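Okay, so here's the structure we're looking at.
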Amino acid sequence: MKRPPWRGVTVTLCILAALLALSACATRGAASAEEYYSLGMAYFEMGKYPEAEKWLNRARTINKTRIASEYNLGRIAFETGRYTEALEHFERILKRDPQNITALKAAAYSCIKTGALDDAALYYDRVLALAPESADDGYNYALVLYAMERYDTLAEVLSRYSYALEENKDLLLLYARSQKATGKVEAVDTYAKWLANNNDAKVRVEYGQVLEGQEQYAKALTEYKTVLESLQKESADPKWSDVQYAIARLLLTADPNNADGVTRLKEAVDAGFADTEALNTLLADSRLKPAGKTAVQEALAAIAAAAPPAEEAPPAGEAPPPAGAAAPGQ
């Protein structure tokens, strides 16, 4: 996600040079609103947030510097992890100026940090209504929608930025994933376009899954095998065992007479594959031949046998001994 809109502000030499003079004026009560604000911002740029808040709160009481001071007090709250307080500052600005795009973006960031994704989405709705051409804001909004699993809305938002999809690989990949999540056949072409200029094993597995879902089995198998050849058995993301299972599943269902599917399934389980939910789903697939069903049942049995034994529950009415205490009879 793009950084908050205030990132990258630099300290100007003129403010730092005038800091002592401004402080002296403020102490004597002769400082103007602009001088209070300048003092606050100088301390902000030096990372001295308590001092910055002191002077910005003074500047906030004066109309001329109220909104700028409120915004920068929100920045300080955000930078110091006080996200709810930051949101309150940005919302005060929006009550006075509902179309303040900078404050809308900052409010959206604050909502993301507090986990209020519904509210973040509403703020991004308002941002894009005011600046519909902003691909960066569209991307940030899309990330929020993706986290909320609102894939249909996500795909619709990203479709507005077709010009940016050609240039922004992150935008393009998010678009492909939204199409995959909603079962769009166009996902095949979008993933292919991304992989034409980028290489990532996890994304290639996703592409294989899309191809498999569209019954393009030969292409899917090629993608899975390409990934498997690039992985070590101890790889973490994607796992070698998961990719080997994907190949086994495809062969057992799309080419059930191919004995390689049974072999690969056993190798996947031996390498640590233990997703019993996936195996039970596969077991219910009507395309499995008897040999495939037997292989899946054996895989489930092997996983069960390798699982650590469950701890025995105490007899009914008997509570377990407290931690550190000797068991009865000891």
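Numbers in the numbering used here are just positions in the sequence shown, counted from 1, shifted up by 146. Note that beta-carbon positions come from the ideal geometry of N, C-alpha and C, so glycine has one too. Fair warning: this is a prediction, and the values are worked out from it, not measured in the lab.
Problem set entry | First and last residue of the uninterrupted alpha helix (DSSP H) at ASP388 | Per DSSP, the unbroken alpha helix (DSSP H) holding ASP388 starts and ends at 386-400.
For this session: Look at the alpha carbon of ALA338 and the alpha carbon of PHE224, and state the distance between them as a whole number of angstroms.
Result: Roughly 39 Å separates the two Cα atoms.
Problem set entry | Strand pairing of ALA382, partner residues [DSSP] | BP columns for ALA382 point to LYS385.
Exercise. Does the stretch 373-385 come close enough to the stretch 355-365 to have 3 or more Cβ pairs within less than 8 Å?
Worked result: Because the criterion of three Cβ pairs below 8 Å is not met, the stretch 373-385 and the stretch 355-365 do not touch.
Exercise. Once you ignore the five residues that flank LEU446 on each side, which residues in its own chain have a CB closer than 8 Å to its CB?
Worked result: In the same chain as LEU446, and ignoring 5 residues on each side of it, the C-beta atoms closer than 8 Å to its own belong to THR422, LEU425, ASN426 and LEU429, in chain order.
Exercise. Is it true that the CB of LEU202 sits closer than 7 Å to the CB of GLY220?
Worked result: In this structure, LEU202 does not lie closer than 7 Å to GLY220 by Cβ.
Problem set entry | C-beta contact flag for LEU318 and LEU311 at 7 Å | With contacts defined as CB atoms closer than 7 Å, LEU318 and LEU311 qualify as a contacting pair.
Problem set entry | C-beta atoms of ALA394 and GLY407 nearer than 7 Å | Yes, the pair counts as a contact, with Cβ atoms nearer than the cut-off.
For this session: Quick one: measure Cβ to Cβ for MET294 and ALA262, integer angstroms, because I've assumed they're closer than 8 Å.
Result: Contact annotation, MET294 with ALA262: C-beta distance approximately 11 Å; criterion of less than 8 Å not satisfied.
Exercise. What is the DSSP secondary structure of PRO196, counted as helix, strand or coil?
Worked result: It is helical.
For this session: Could you tell me the distance, in whole angstroms, from the CA atom of ASN345 to the CA atom of GLU234?
Result: The alpha-carbon atoms of ASN345 and GLU234 are separated by roughly 43 Å.
Problem set entry | Nearest residue (CA-CA) to TYR182, options SER381, ARG204 and ALA254 | Looking at the Cα atoms, ARG204 is the closest of the given residues.
Problem set entry | Coarse secondary structure for GLY186, derived from DSSP in three states | In this structure, DSSP gives GLY186 a helical state, which the three-state scheme calls helix.
Exercise. Do you know offhand how far GLU444's Cα is from THR409's?
Worked result: One C-alpha to the other measures close to 12 Å.
For this session: Just tell me which of SER184, PRO196 and LEU397 has its CA closest to the CA of ARG212.
Result: Nearest C-alpha to ARG212: SER184.
For this session: Give me the Cα-Cα distance between LYS194 and ARG242, rounded to the nearest whole angstrom.
Result: Put simply, the backbone Cα of LYS194 is about 28 Å away from that of ARG242.
Exercise. Under a three-way DSSP split, which group does ASP479 fall into?
Worked result: Residue 479 is absent from the structure shown; the chain starts at 147 and stops at 476.
Problem set entry | Per-residue DSSP class, three states only, for ILE239 | Correct three-state label for ILE239: helix.
Exercise. Alpha carbon to alpha carbon, how far is LYS435 from TYR255?
Worked result: Going by the C-alpha atoms only, they are around 52 Å apart.
For this session: Return helix, strand or coil for ILE208, following the three-state DSSP convention.
Result: Correct three-state label for ILE208: coil.
Exercise. Skipping 5 residues on each side, what residues in its chain have a beta carbon closer than 6 Å to that of LYS365?
Worked result: Excluding residues within five positions, the ones whose Cβ falls inside 6 Å are LEU357.
Exercise. Under the rule that 16 or more other beta-carbon atoms within 10 Å means buried, what is VAL415, buried or exposed?
Worked result: Sixteen is the threshold: when 16 or more other Cβ atoms of the shown chains lie within 10 Å of the Cβ of VAL415, as they do, the residue is buried.
Exercise. Under a Cβ-count criterion, where at least 16 other Cβ atoms within 10 Å of its own Cβ denotes burial, should LEU274 be classed as buried or exposed?
Worked result: Classification for LEU274: buried.
Exercise. Hey, how far is the Cα of VAL442 from the Cα of LEU411?
Worked result: So the alpha carbons of these two residues sit roughly 8 Å apart.
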